[in-house]
Amino acid sequence: MPVVNQYVPFLPSANKIKPPIKPCPVDAEGRPTYLWYITEDEYLRLNQIFVGRDFQETGLGGTKIVGLPAQCPGCGKYTEFIDWVWTALRRGVHTREFMFNSLKQGRQGAETMHDVYCSECGVLTAVRSRNNAEGGLEAPTIEQAKVCNIVEFR
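See the structure below:
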């Protein structure tokens with residue numbers, strides 16, 4: 009069954025400070041990577057996304073990302089891990105259950121070059137998709153981003 013643009017509300021953050029990070033070794037392509045820690049505020053918002061689940065069940069306290077958190081040009085919030093989760097749900101890439109279980113099992117997708125939209129205001133914060141496959145600069149808000157209809161593998 010295809011996943012279609014699931015309703016995921018905008019999730020205001022209690023703070024607009026840069027999240028804590030830790031430098032990591034460069035990736036296979038020589039790009040600087042960082043461990044972005046998940047703050048208590050972000051954890052509480054992730055619990056809102058994964059309705060009825062405690063995000064701590066995933067065991068994820070941070071995630072490795074290529075690059076530093078960027079400030080959203082729309083609202084000033086810094087990019088966080090939740091923005092990838094929120095974007096994937098809004099675009100219909102995966103269901104909540106699939107994403108939660110994948111995180112809990114330590115699985116991450118092979119393709120990590122995705123456009124990222126702010127979970128607070130829906131503005132494009134990072135163009136990462138190759139060849140603007142997800143909308144890129146032509147889709148400055150989540151409402152303009154390309155919707156996926158991907159069937160999930162069980």
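Heads up, the sequence shown is in the working numbering, so the first residue is 9 and it goes up one at a time.
Don't be surprised by glycine CBs; every beta carbon is placed ideally from N, CA and C.
Please read all numbers here as calculations on a predicted model, not as lab measurements.
Straight-line Cα distance separating residue j from residue i
i: Gly-143; j: Thr-149; result: 10 angstroms
i: Lys-30; j: Ile-46; result: 12 angstroms
i: Ile-73; j: Ala-22; result: 22 angstroms
i: Ala-153; j: Arg-99; result: 7 angstroms
i: Phe-58; j: Ala-36; result: 32 angstroms
i: Gly-82; j: Val-93; result: 19 angstroms
Buried or exposed by the 16-neighbour rule on C-beta atoms within 10 Å, applied to residue i
i: Tyr-86; result: buried
i: Val-34; result: exposed
i: Tyr-15; result: exposed
i: Asn-27; result: Here residue 27 is Pro; the residue named in the question, Asn, does not match the sequence. It is buried - the Cβ of Pro-27 has at least 16 other Cβ atoms within 10 Å.
i: Met-107; result: buried
i: Met-9; result: The predicted model places Met-9 with a pLDDT of 41, which falls under 50 and marks its position as unreliable, so this point remains unresolved.
Continuous beta strand (DSSP E) stretch holding residue i: start and end
i: Ala-153; result: Note, Ala-153: premise wrong, no beta strand (DSSP E); not H, not E.
i: Tyr-45; result: 41 to 45
Span of the alpha helix (DSSP H) around residue i
i: Leu-97; result: 89 to 99
i: Asn-112; result: Here the sequence assigns Lys to residue 112, which means Asn is not the residue at that position. Here the alpha helix (DSSP H) through Lys-112 covers 104 to 112.
Integer-rounded CB distance, given that residue j should sit under 8 angstroms from residue i
i: Gln-56; j: Leu-97; result: Gln-56 to Leu-97, Cβ: 12 angstroms. No contact.
i: Thr-71; j: Trp-44; result: 6 angstroms
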